[in-house]
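Here the sequence shown stands for residues 2 to 715, numbered as in my numbering.
Just so you know, even glycine gets a beta-carbon here, dropped at the ideal spot from N, CA and C.
None of these values were measured; they are calculated from a predicted model.
Shown next, in structure tokens, is the structure this report addresses.
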Amino acid sequence: MCMRRIFKWPRGEGALRRWRWTPLSGPSCLTFDMLAAATRHEGMGEVEWDLDFSFLPELQACYRTDAMDGALCRSCDLLSESAGHVERLWLTVSCPRAVEACVRFLRGARPVALRSLDLVLRNTAFTRDERALSTLLRSATGVAVRLESVRVAMISDGAHPAVGWCRQMCVPAALASLISAPALRSLALEHLSVSSASEEDLLVLGEAMARSCTNLMRLSLCGSVPFFSRIPSFYSALACMSKLEVLDLSGACLEDVQLKRLIVTLRSSIGGWHHLEQLNLAGCGVSEWVLRLLYSDLCDAQLLPTGASAGLQVLNLSSNGIDDDCAFILASICLRCRSLCELHLRHNRIAAKGAGAIGSALVEACELRVLNLHSNPLRDEGLREVLRAAGCWRKLQRVDLTRCRLTARCLPVLCAAAPFMREVQEVVLDRNDLRPVGAGSSCDGVLGGELQLSVYDSAYRGAAAGDAKALTSFELDRRDAVEGRCRYKGDIAADEAGEDAQCSAGDAAFESFGAALCGCRELCTLSLSGCSLPDSAFVPFAGAFVSCRLRRLDLSANPLFCSVGSVEALGLLLRRGAGSLEVLDLSCTGLGSVGISVLADGTLSSTGEAAGGCALCLLCALKELRLSHCRIEEDGFYALADVIPSMCALERVFLDGNRVHGPAAVVSLLGKAASLPSIAFIGLHGTVLPCDRAEVTSCREYCVLTGRGVTVHI
């Protein structure tokens with residue numbers, strides 16, 4: 002058993018050191034005394050710790066119980082000695098043995114500087130003894146004297162019953178003691194189930210909140226569904242929070258009556274909900290009537306003077322079924338929130354009419370940085386209405402248009418808005434239909450030819466399927482093609498010249514889109530996953546798109562790289578952004594062994610000279626490479642093995658679902674990956690045949706990686 006440092010990265014002013022018990026054997030020279038010396042030397046100087054016990058269940062099958070218990074106890078005692086200067090502590094508990102370890106650590110630790118405690122508790126840890134939850138909470142109370150932030154999240158796996166809160170277990174009383182820290186400023190009680198608790202115990206919890214949370218500035222009850230109905234004194238406690246700035250009730254499934262009471266309580270505590278900086282009501286069942294109540298506070302001159310702007314900066318109303326009628330009222334609310342920085346409206350029913358109203362209302366929101374319209378039926382017309390106000394959003398940093406039923410006809414609209422979004426950092430267009438006009442898209446009004454299966458369709462990837470590349474289509478088009486049904490889609494252009502001109506115009510739109518994104522100087526993330534993007538559209542786009550700061554590129558689940566020309570275009574795109582690219586996702590594409598070889602070896606011109614260098618060798622900043630389900634075979638693995646040592650910053654490689662016959666290519670890749678200093682994960686699930694797994698897991702290269710603590714998922 003080895004306890005090793007998994008990663009370290011800057012978070013705020015300090016750095017986070019995360020310790021995790023893994024089921025993998027450490028180096029043969031690593032003794033417990035050496036581990037103790039390293040822990041004292043490295044751990045005592047760091048202020049943020051993350052103790053992750055997620056792998057302890059796997060250790061039970063790998064080691065003797067007495068040996069594991071002894072090593073675990075000594076490790077906890079060692080960490081307790083070194084935790085004196087810790088300011089922020091995360092604990093992840095997933096099994097009964099982890100509960101015992103956490104209790105031992107908390108009882109022995111004296112973190113006098115501790116200011117933040119985060120407990121992530123899985124219900125599987127308390128199935129044998131439900132009293133263990135109260136024991137753990139009471140142990141945490143011993144280090145909670147000076148706490149300013151407490152988070153308790155109970156995660157359920159669905160296979161085990163929820164942890165009981167009956168009076169004999171004393172869980173509410175223990176939780177009440179934990180949140181009674183006098184200096185508490187932030188409290189998060191997430192996904193707690195209090196349905197089995199008695200009224201007396203819940204009264205104790207409510208009184209503790211009312212007594213100790215008067216200085217609270219952040220409150221999160223995310224996913225705690227029966228919390229409001231079972232704890233009547235909660236509203237009394239909320240009325241005492243006169244300094245509240247952030248309120249997160251996402252997933253609480255509140256009813257109209259409870260939401261009305263919440264609005265009235267906020268009116269008495271902080272002068273109205275609009276004085277909050279962040280309000281998260283995602284999945285709370287916000288109806289049109291509740292929106293009118295919210296708007297009525299803005300119209301009350303005693304709460305908000307006429308002409309004044311609300312101080313709200315973040316508003317999250319995702320998953321509330323907001324339609325166009327509700328969107329009109331929401332637009333009236335946004336009109337008074339001129340300081341709005343983030344607006345999250347994902348998973349609603351906002352169409353073109355409602356989108357136009359919201360876009361018009363956001364004209365005054367000059368500070369807008371995030372616009373999330375994920376999974377709304379905007380269509381091209383709705384996007385056009387929203388982006389009419391793009392000229393006012395000079396500070397926009399992130400726009401999410403995933404699954405908004407967009408087609409290639411929205412590209413000119415995006416091109417027109419791009420010059421006004423110079424500061425945008427993230428553009429997400431996942432799961433739309435961006436097939437070029439004339440290629441048989443579902444909205445182009447042209448009856449295309451045969452609509453075949455996509456390269457990532459299960460029927461295409463069958464054992465008897467060939468390697469011919471095919472265009473993609475939506476499910477309705479596939480069914481019509483199988484049944485021989487021809488739906489009326491408007492007048493059909495009969496002449497081929499007209500169709501060719503239409504396709505040419507579609508390619509020009511993608512070229513213009515790529516050129517427009519070049520003007521977004523701060524663009525860091527571009528996601529075009531599942532957009533039915535073919536090679537004919539990608540080649541002009543890649544030729545025109547240049548970004549020197551791109552960190553994440555997602556082209557997964559597209560019928561791409563069916564030709565060498567598109568692979569060369571990808572190589573050109575990667576060479577342009579090689580210095581900054583950190584995440585590259587090409588999963589579920591037709592890249593194959595040929596594509597990997599082209600990216601690894603480069604291409605030759607007609608004279609035999611090198612036309613383009615090795616694109617993969619230049620990715621010196623790449624941290625994550627995703628090539629799952631790309632039909633890569635032995636030749637591709639050998640080509641990747643030749644270039645993977647050049648990716649010196651690589652941490653995670655995903656090669657799941659490819660097809661390799663024989664272990665030699667995989668072993669070669671593992672051997673080359675062992676030279677990477679930061680490698681932490683290699684995914685090969687479904688790639689190695691069952692008959693070859695034993696040979697791979699017993700090879701020297703695999704043992705070297707796992708001995709360093711690298712996870713190799715086979």
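By Cβ distance, which residues of its chain are closer than 7 Å to residue i, with the 5 residues on each side in sequence left out?
{"i": "R410", "result": "D381 and V438"}
{"i": "I680", "result": "L651, E652, A674 and V711"}
{"i": "R709", "result": "none"}
{"i": "L239", "result": "T266 and S270"}
{"i": "A110", "result": "S81, A84 and V144"}
Taking DSSP as the reference, what is the three-state secondary structure of residue i?
{"i": "T688", "result": "coil"}
{"i": "W50", "result": "strand"}
{"i": "V226", "result": "coil"}
{"i": "M210", "result": "helix"}
{"i": "N124", "result": "helix"}
{"i": "F329", "result": "helix"}
{"i": "R550", "result": "coil"}
{"i": "F562", "result": "coil"}
{"i": "L275", "result": "Reading off the sequence, residue 275 comes out as His, not Leu. Correct three-state label for H275: helix."}
{"i": "D130", "result": "coil"}
{"i": "R406", "result": "coil"}
{"i": "D158", "result": "coil"}
{"i": "I264", "result": "helix"}
{"i": "E625", "result": "strand"}
{"i": "S528", "result": "strand"}
{"i": "W91", "result": "strand"}
For residue i, which residues of its own chain have a beta-carbon under 8 Å away from its beta-carbon, when the five flanking residues on both sides are left out?
{"i": "G360", "result": "E386, V387, L388, R389 and A390"}
{"i": "C367", "result": "R339, C393, W394, R395 and K396"}
{"i": "E529", "result": "For clarity, residue 529 is Leu in the given sequence; the question names Glu instead. Result list for L529: L430, D431, L435, D555, L556 and N559, in chain order."}
{"i": "R105", "result": "C74, C77, D78 and S81"}
{"i": "G1", "result": "Here the chain has residues from 2 to 715 only, and residue 1 is not among them."}
{"i": "A579", "result": "A616, L619, L620, C621 and A622"}
Distance check for residue j and residue i, CA to CA, integer angstroms please.
{"i": "Y236", "j": "R89", "result": "30 Å"}
{"i": "S728", "j": "V661", "result": "In the structure as shown, the chain begins at 2 and stops at 715. Residue 728 is therefore absent and cannot be evaluated."}
{"i": "S533", "j": "F682", "result": "30 Å"}
{"i": "S310", "j": "D602", "result": "59 Å"}
{"i": "C223", "j": "D249", "result": "6 Å"}
{"i": "G383", "j": "N373", "result": "14 Å"}
{"i": "H345", "j": "L305", "result": "23 Å"}
{"i": "N659", "j": "P535", "result": "21 Å"}
{"i": "L318", "j": "V667", "result": "47 Å"}
{"i": "I156", "j": "E191", "result": "9 Å"}
{"i": "W50", "j": "G591", "result": "42 Å"}
{"i": "G687", "j": "R632", "result": "12 Å"}
Going by C-alpha distance, which of the options is nearest residue i?
{"i": "L73", "options": "R337, L52 and R212", "result": "L52"}
{"i": "E427", "options": "N377, L331, S548 and L384", "result": "S548"}
{"i": "R293", "options": "L304, L122, S95 and C327", "result": "C327"}
{"i": "D508", "options": "F562, L435 and V146", "result": "L435"}
{"i": "A353", "options": "F421, F329, F106 and E696", "result": "F329"}
{"i": "R552", "options": "G143, L524, L341 and L561", "result": "L524"}
{"i": "S669", "options": "S647, N659 and D643", "result": "D643"}
{"i": "W290", "options": "N321, L188, A616 and I271", "result": "N321"}
{"i": "A516", "options": "G308, L220 and A419", "result": "A419"}
{"i": "H630", "options": "T707, E365, V654 and C589", "result": "C589"}
{"i": "C285", "options": "H348, K244, S269 and G308", "result": "H348"}
{"i": "I785", "options": "A84, E424, S594 and L138", "result": "Nothing about residue 785 can be reported from this structure: the residues present for the chain run from 2 to 715 only."}
{"i": "S117", "options": "A174, A182 and L134", "result": "A182"}
{"i": "L185", "options": "P173, L193 and A211", "result": "A211"}
{"i": "L282", "options": "R337, V226 and K244", "result": "V226"}
{"i": "T307", "options": "Q279, L336 and I323", "result": "L336"}
Going by beta carbon distance, what residues of the same chain come within less than 6 Å of residue i, once the five residues before and after it are set aside?
{"i": "A114", "result": "H86 and E88"}
{"i": "A640", "result": "I597, S598 and A601"}
{"i": "P378", "result": "A352 and R406"}
{"i": "L685", "result": "L656 and I715"}
{"i": "L527", "result": "V428 and L554"}
{"i": "L677", "result": "L651"}
{"i": "D468", "result": "The predicted position of D468 is uncertain, since its pLDDT is 43 and thus under 50; a value taken from the coordinates is nonetheless stated next. None."}
The ligand COA and residue i: does the residue's C-beta get closer than 7 Å to at least one heavy atom of that ligand?
{"i": "R339", "result": "Ligands are entirely absent from the displayed structure, and the ligand COA is therefore not among its contents."}
**Prompt:** Do three or more CB pairs link the stretch 561 to 574 to the stretch 531 to 547 at distances below 8 Å?
**Reply:** Touching, yes.
**Prompt:** Are the stretch 626 to 634 and the stretch 580 to 588 in contact at 8 Å, needing three or more beta carbon pairs?
**Reply:** For the pair of segments examined, the stretch 626 to 634 was found to touch the stretch 580 to 588: the number of CB pairs separated by less than 8 Å reaches three.
**Message:** With three or more C-beta pairs closer than 8 Å as the rule, is the stretch 127 to 145 touching the stretch 190 to 198?
**Reply:** Verdict: no, contact absent.
**Prompt:** Does the stretch 267 to 275 come close enough to the stretch 205 to 223 that 3 or more CB-CB pairs lie under 8 Å?
**Reply:** Flag = no, the stretch 205 to 223 and the stretch 267 to 275 do not touch.
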